[in-house]
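Encoded as structure tokens, the structure appears first; notes follow it.
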Amino acid sequence: MTDEIIERDFYARPEEEQAQFLEYTWCGECMEVDLGMHEPKEYELNGVVIIEGLCNKCNSPIITELSDDDEDF
Ligand SMILES: [Zn+2]
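In terms of the numbering used here, the sequence shown has 871 at position 40, counting the first letter as 1, and numbering is strictly consecutive.
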């Protein structure tokens, strides 16, 4: 087990995809869906791709894990 973080470029994704990630969110603090998020970052941890942003309402981190099936290069 390594905790190596590999930086990825969120903005390399198609604009459509970016918009979806920023719009369709689940905030565990607000307990609400689709509040949206800002300041997205993308990285890979232990083989899992993670997109992290801040909730538009409460500024809590929102972390989305992508399964390999979503990989689409
Ligand atoms: Zn929130």
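We treat Cβ as the ideally placed atom computed from N, Cα and C, and that holds for glycine.
- Ligand 1 has a heavy atom closer than 7 Å to the beta-carbon of E860.
- At a Cβ-Cβ threshold of 8 Å, L853 and K888 do not count as neighbours.
- With at least 16 other beta carbons inside 10 angstroms of its own, I893 counts as buried.
- When the Cα atoms are used, M862 and E846 turn out to be separated by approximately 27 Å.
- Measuring C-alpha to C-alpha distances from E875 to each of Y855, A843 and L897 identifies L897 as the nearest.
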